[in-house]
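Quick note, the sequences are listed as chains X and A, same order.
The working numbering puts the first residue of the first sequence at 3, with every later residue one more than the last.
The working numbering puts the first residue of the second sequence at 3, with every later residue one more than the last.
Glycine included, every Cβ here is placed at the ideal spot set by N, Cα and C.
On a predicted model such as this, the values are computed, not experimentally measured, just so you know.
These notes are about the structure you will find just below.
Protein chains: 2
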Amino acid sequence: MKKLILAGLVAAAATLATTAQENYSGAGNNSSVQIHPDNRVTLRFKAPEGHKVKAFATFAPGAWADLTYNDSIKAYEYTTPEPATNEFHTYKFFMDGVGFTDPDNVHTVRDVTWQNNFILPKGDGNDQASMMSVNNVPHGSLTDVWYYSPSEKCNRRMNVYLPAGYFSDKTKSYPVLYLLHGMGGDEDAWVMLGRAPQILDNLIAKGKAEPMIVVIPNGVIDVDAAAGKGTAGLVQPQSEFPRLFSGEYEMAFPEIVSFVDNNFRTIPDRAHRAVAGLSMGGYNSANISRQYPDLFDYVGLFSAATIESVTTGDMLKRFLPADKRNNPIFLDFDKKLKTQFAKNPKLYWIAIGTDDFLYDTNKNYRAKLDSLGLPYTYYETPGGHTWANWRDYLIRFTPQLFK
Amino acid sequence: MKKLILAGLVAAAATLATTAQENYSGAGNNSSVQIHPDNRVTLRFKAPEGHKVKAFATFAPGAWADLTYNDSIKAYEYTTPEPATNEFHTYKFFMDGVGFTDPDNVHTVRDVTWQNNFILPKGDGNDQASMMSVNNVPHGSLTDVWYYSPSEKCNRRMNVYLPAGYFSDKTKSYPVLYLLHGMGGDEDAWVMLGRAPQILDNLIAKGKAEPMIVVIPNGVIDVDAAAGKGTAGLVQPQSEFPRLFSGEYEMAFPEIVSFVDNNFRTIPDRAHRAVAGLSMGGYNSANISRQYPDLFDYVGLFSAATIESVTTGDMLKRFLPADKRNNPIFLDFDKKLKTQFAKNPKLYWIAIGTDDFLYDTNKNYRAKLDSLGLPYTYYETPGGHTWANWRDYLIRFTPQLFK
């Protein structure tokens with residue numbers, strides 16, 4: 003038994019037993035996913051011959067690949083015909099129809115209830131891949147903090163990005179971007195899938211964005227934290243909760259701003275606050291900034307759900323039937339919009355992809371703003387309701403803030 | 003295509019394609035691992051009939067279980083004959099010899115190069131399971147920060163636990179525990195496997211430990227951060243690096259203390275500093291506290307590698323051949339020990355399990371201290387070189403600090 007334990011000083015003996023007994027899993031050596039100099043990608047999956055092995059991979063044509071057995075390496079293999087685009091890519095393996103993450107790659111990311119592996123091809127220094135990478139620049143800090151929510155009467159978790167220098171210079175104060183996740187997301191989504199800390203580090207280091215604090219709260223008031231991080235324990239994440247879209251989160255949002263202003267060195271005024279979010283978080287951002295017009299000078303709606311999409315859309319309308327629209331957030335809609343815009347927000351930025359299922363309701367929302375004579379900036383991209391777009395929007399929105 | 007995207011507002015279309023095409027993976031509903039009220043555990047694995055399905059599981063007798071096909075749920079099943087102990091348990095599945103994490107459970111933890119799922123049985127309020135859980139108590143914050151290392155001439159990542167109240171009361175200063183990982187570990191090991199933030203939250207909330215800052219640096223000076231978190235990108239983690247055990251990390255340790263004292267509200271004196279570590283981190287702790295006797299009043303050696311184990315042990319001696327023992331850290335060993343103890347450290351705590359492969363060299367190290375007349379506290383447990391022991395040692399060591 004002691005001999006076994008010798009194989010790794012900090013590995014628990016129980017874990018070591020895994021490799022001792024089985025041949026086809028265990029320690030990886032970059033053997034399973036290889037990005038070639040030209041950004042083509044090879045996948046390798048170690049298993050006995052005779053299985054049907056596939057990969058779901060965003061870098062493969064059509065997002066699916068068949069791996070073939072290579073007897074010389076005792077593994078199934080696949081190489082993409084073309085280089086991968088310079089984006090954040092995900093993949094997982096399927097053996098005889100059962101899907102799971104790569105046994106030989108520890109780098110995984112959660113998207114709601116799914117876990118996938120991810121890769122980052124090498125970028126050219128300025129593209130999305132480069133902006134998402136950990137480069138040799140000053141790094142900010144990511145801090146998980148818990149605030150007491152008077153409205154929910156419990157502690158709730160949020161993530162806070164503090165820019166490089168926050169802890170060393172104890173006198174400087176910063177503007178704040180509140181960055182909101184979508185339905186199915188939580189306070190970890192912009193961190194893990196959105197790569198917000200890396201994007202902010204790189205934008206600030208290049209002088210493209212002002213040093214700022216980024217607050218990433220949890221917008222699901224039915225829970226206190228992301229699945230596994232809260233008092234509910236190791237529950238499985240869900241995408242739907244009863245009070246999503248109810249307006250209660252938005253009405254209580256000043257308690258989050260108050261906590262942040264009291265706990266971090268912020269510049270606590272409208273000119274130094276922005277709120278932006280993706281999908282449901284865009285809905286939240288529009289609602290919060292309309293209800294509290296003195297809070298935010300900058301608003302970003304990334305592929306936003308609109309009030310129309312929630313009351314009439316095929317997918318969303320179950321969240322807000324007519325008898326659940328009594329929250330103050332929904333009252334005097336046009337009047338509040340006019341009040342908000344009468345204060346001349348420095349930026350009201352709407353971004354969406356042409357394939358997005360929310361494209362039409364966003365078009366209608368822009369038409370409403372146009373009919374009321376309220377000015378906004380519009381940014382349209384290809385693509386749909388995807389993290390590739392939301393990372394792009396963050397990269398484009400953030401440099402416009404606090405100038 | 004738009005219909006497909008409707009299935010989840012924030013899930014990328016590409017990910018959704020996974021569930022659309024395959025039946026045996028995707029969203030979990032706690033269907034795959036179930037902890038019964040009496041702490042027995044059921045595992046379920048969805049796959050077609052005809053495969054050989056096993057689980058490696060620390061809660062199963064002998065750590066291995068055979069799952070049998072249950073046609074009524076179209077899944078393989080297994081239930082433990084006895085309740086799981088109130089500890090942090092890990093498991094993974096094997097299908098036809100290929101091992102991977104549970105496709106229906108997103109809660110995974112990395113141990114060096116392995117990824118496993120983990121579960122936490124319900125505790126009785128005071129046991130290890132309870133101390134590792136997220137309870138309804140004031141929570142500290144975990145912050146990843148990067149410090150500039152003059153010795154390595156690069157930025158390096160560390161994790162810092164700041165106790166509850168750190169950000170709200172901007173005047174209070176705190177003592178600091180430096181908590182070091184073992185070989186194969188990094189700055190994330192005490193956070194993920196060690197559950198240090200949860201343990202500190204709970205000990206402090208119960209009044210058992212003083213509020214303190216816990217600094218968890220990266221002890222592998224060959225890299226700047228844990229695999230995937232640093233400038234090397236998404237490399238696979240390794241357990242061995244050329245400069246482990248070389249003494250260079252320990253010699254440069256004052257630069258970490260200096261960074262912490264300059265960036266956080268510490269009480270910057272010996273009476274308010276502790277250093278402790280597991281395995282290689284215990285070796286580091288002994289070396290640092292001996293080399294710099296004015297830095298630490300509290301020292302904890304958890305299953306520590308000793309200088310003897312590194313120069314003579316079967317496994318470790320390749321790291322420190324005779325020609326690599328010229329670092330100042332290794333000179334005047336007994337003289338430095340005497341100098342350290344002449345300053346009457348408040349606690350020099352040695353803990354090890356009777357089955358640990360380092361037990362004999364620890365015994366010899368204690369004999370040396372005895373022969374020199376140097377006082378220490380000794381805590382012996384059952385078990386070996388395991389995280390269950392290291393979490394126990396943290397739970398027992400921390401309440402003795404800064405009283």
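Identify the contact partners of Arg-112 of chain A in chain X, using a Cβ-Cβ distance below 7 Å as the criterion. Indexing the second sequence from 1 puts residue 112 of chain A at position 110. For a Cβ distance threshold of 7 Å, residue set Val-108 of chain X lies close to Arg-112 of chain A, ordered along the chain.
Secondary structure at Tyr-367 of chain X, three-state DSSP: helix, strand or coil? If you number the first sequence from 1, residue 367 of chain X lands on position 365. Note: Tyr-367 of chain X maps to helix in three-state DSSP.
From X:Ala-198, X:Phe-243 and X:Asp-296, residue whose alpha carbon lies closest to that of Gln-130 of chain X: The residue given as residue 130 of chain X occupies position 128 in the first sequence. Nearest C-alpha to Gln-130 of chain X: X:Ala-198.
Residue ranges of each beta strand (DSSP E) run of no fewer than 3 residues wholly in the region 69-117 of chain A, ordered along the chain? DSSP runs (the beta strand (DSSP E)) wholly in the region 69-117 of chain A: 70-72, 77-81, 91-97, 100-102 and 110-113.
Same chain, Cβ closer than 6 Å to Tyr-180 of chain X, neighbours up to 5 away in sequence not counted: Stepping through the first sequence from its first residue, residue 180 of chain X is reached at position 178. Excluding residues within five positions, the ones whose Cβ falls inside 6 Å are Val-217 and Val-277.
Interface residues of chain X facing Leu-122 of chain A [CB-CB closer than 9 Å]: The residue you call residue 122 of chain A lines up with position 120 of the second sequence. Those within 9 Å of Leu-122 of chain A in chain X are Gly-235 and Leu-236.
Find the residues of chain A that neighbour Ala-148 of chain X, judging by a C-beta separation of less than 7 Å, and give them in chain order. Against the first sequence, residue 148 of chain X aligns to sequence position 146. Ala is not the amino acid found at residue 148 of chain X; the sequence shown has Trp there. Residues of chain A passing the Cβ test: His-141.
Continuous alpha helix (DSSP H) assignments of at least 4 residues falling wholly in the region 295-375 of chain A: The DSSP assignment places 309-314, 335-344 and 361-374 as complete runs of the alpha helix (DSSP H) inside the region 295-375 of chain A, in order along the chain (cut-off: 4 residues).
State the CB to CB distance for the pair Phe-102 of chain A and Thr-388 of chain X, rounded to an integer number of angstroms; the pair is presumed to be in contact (CB under 8 Å). Numbered from 1 along the second sequence, position 100 holds the residue referred to as residue 102 of chain A. Numbered from 1 along the first sequence, position 386 holds the residue referred to as residue 388 of chain X. With a Cβ gap of about 26 Å, Phe-102 of chain A and Thr-388 of chain X do not count as contacting.
Identify whether Ser-260 of chain X lies in helix, strand or coil by the three-state DSSP scheme. Position 258 of the first sequence, counting from 1, holds the residue named residue 260 of chain X. In this structure, Ser-260 of chain X counts as helix in the three-state DSSP scheme.
Using a Cβ-Cβ cutoff of less than 8 Å, which residues in the same chain neighbour Gly-355 of chain A once the five nearest sequence positions on both sides are dropped? Numbered from 1 along the second sequence, position 353 holds the residue referred to as residue 355 of chain A. Ser-305, Tyr-361, Glu-382, Thr-383, Pro-384, Gly-385, Gly-386, His-387, Thr-388 and Asn-391, listed in sequence order.
Classify Tyr-350 of chain A: buried if its beta carbon has 16 or more other beta carbons within 10 angstroms, exposed otherwise. Against the second sequence, residue 350 of chain A aligns to sequence position 348. Flag for Tyr-350 of chain A reads buried.
For Asp-190 of chain X, count the other beta carbons within 10 Å of its own beta carbon; 16 or more makes it buried, fewer makes it exposed. Which is it? The count along the first sequence starts at 1 and reaches residue 190 of chain X at position 188. Buried, because 16 or more other Cβ atoms sit within 10 Å of the Cβ of Asp-190 of chain X.
Measuring alpha carbon to alpha carbon, tell me which residue in A:Lys-337, A:Arg-368, A:Ala-228 and A:Asn-264 is nearest Asp-171 of chain X. Here residue 171 of chain X corresponds to residue number 169 of the first sequence, with the count starting at 1. Checking every option, the nearest Cα to that of Asp-171 of chain X belongs to A:Asn-264.
Within-8 Å CB hit, Met-97 of chain A to chain X: As a first step, residue 97 of chain A must be located in the second sequence, where it is residue number 95. Among the CB atoms of chain X, one or more fall inside 8 Å of the CB of Met-97 of chain A.
Measure the Cβ-Cβ separation of Gly-221 of chain A and Met-282 of chain A and say whether it is below 8 Å. One-based indexing of the second sequence puts residue 221 of chain A at position 219. One-based indexing of the second sequence puts residue 282 of chain A at position 280. Yes, the pair counts as a contact, with Cβ atoms nearer than the cut-off.
Measuring only the C-alpha atoms, how far is Ile-420 of chain X from Asp-372 of chain X? Outside the shown range of chain X (3 to 405) lies residue 420 of chain X, about which nothing can therefore be said.
Going along chain A in order, which residues have a C-beta closer than 8 Å to the C-beta of Leu-144 of chain X? Working through the first sequence from its first residue, we reach residue 144 of chain X at position 142. From the beta-carbon of Leu-144 of chain X, the residues of chain A found nearer than 8 Å are Thr-145 and Asp-146.
Please list, in chain order, the chain A residues whose beta carbon lies closer than 9 Å to that of His-38 of chain X. Here the question's residue 38 of chain X lines up with position 36 in the first sequence. Here the premise fails: no neighbours, minimum Cβ distance about 15 Å.
Answer with buried or exposed for Ala-273 of chain X, where buried requires no fewer than 16 other C-beta atoms within 10 angstroms of its C-beta. Against the first sequence, residue 273 of chain X aligns to sequence position 271. Burial call: exposed.
Out of X:Tyr-285, X:Pro-177, X:Leu-280 and X:Arg-158, state which residue places its alpha-carbon closest to the alpha-carbon of Leu-164 of chain X. Numbered from 1 along the first sequence, position 162 holds the residue referred to as residue 164 of chain X. When each option's Cα is compared against that of Leu-164 of chain X, the closest is X:Pro-177.
In this structure, does DSSP put Gln-23 of chain A in helix, strand or coil? The residue you call residue 23 of chain A lines up with position 21 of the second sequence. Confidence at Gln-23 of chain A is low in this model, with a pLDDT of 28, below 50, so the placement of that residue is unreliable and no value is reported for it.
Please return the same chain residues whose Cβ sits closer than 7 Å to the Cβ of Pro-295 of chain A, not counting the five positions on each side in sequence. The sequence position of residue 295 of chain A within the second sequence is 293, counting from 1. Cβ within range, chain order: Thr-341, Gln-342 and Lys-345.
To which residues of the same chain is Ala-59 of chain A closer than 6 Å at the C-beta, ignoring the five residues directly before and after it? Reading the second sequence from its first residue, position 57 is the one you call residue 59 of chain A. Here the set comprises Ala-67 and Tyr-93.
Work out the CA separation of Tyr-380 of chain X and Ile-258 of chain X for me, nearest whole Å. Locating residue 258 of chain X in the first sequence gives position 256, where the first residue counts as 1. Locating residue 380 of chain X in the first sequence gives position 378, where the first residue counts as 1. The straight-line gap from Cα to Cα measures roughly 28 Å.
Taking 8 Å as the CB-CB limit, is Val-277 of chain A close to chain X? The residue given as residue 277 of chain A occupies position 275 in the second sequence. So, not an interface residue.
Could you tell me the alpha carbon to alpha carbon distance between Asn-289 of chain X and Gln-402 of chain A, rounded to whole angstroms? The residue you call residue 289 of chain X lines up with position 287 of the first sequence. The residue you call residue 402 of chain A lines up with position 400 of the second sequence. Spanning the two alpha carbons is a distance of roughly 50 Å.
If the criterion is Cβ atoms closer than 8 Å, does the pair Val-136 of chain X and Ala-86 of chain X meet it? Position 134 of the first sequence holds residue 136 of chain X. Position 84 of the first sequence holds residue 86 of chain X. The answer is no: Cβ separation not under 8 Å.
Take Leu-182 of chain A as the anchor and find which of A:Ser-175, A:Trp-192, A:Lys-174 and A:Thr-173 has the nearest alpha-carbon. Locating residue 182 of chain A in the second sequence gives position 180, where the first residue counts as 1. Cα-wise, what sits closest to Leu-182 of chain A is A:Trp-192.
Tyr-80 of chain X versus X:Pro-123, X:Arg-112, X:Ser-34 and X:Thr-115, residue with shortest Cα-Cα distance: As a first step, residue 80 of chain X must be located in the first sequence, where it is residue number 78. It is X:Ser-34 whose Cα lies nearest to the Cα of Tyr-80 of chain X.
Could you tell me the alpha carbon to alpha carbon distance between Gly-30 of chain X and Phe-96 of chain X, rounded to whole angstroms? Sequence index remark: in the first sequence, residue 30 of chain X carries index 28 (1-based). Sequence index remark: in the first sequence, residue 96 of chain X carries index 94 (1-based). Bear in mind that the predicted position of Gly-30 of chain X carries a pLDDT of just 33, short of 50, making it unreliable; the figure below should be weighed with that in mind. Their Cα atoms are separated by approximately 18 Å.
Sorted by chain position, which residues of the same chain lie with C-beta nearer than 6 Å to Lys-405 of chain A's C-beta, five sequence neighbours on each side aside? In the second sequence, residue 405 of chain A corresponds to position 403, counting from 1. Excluding sequence neighbours, Lys-405 of chain A sits near nothing in its chain.
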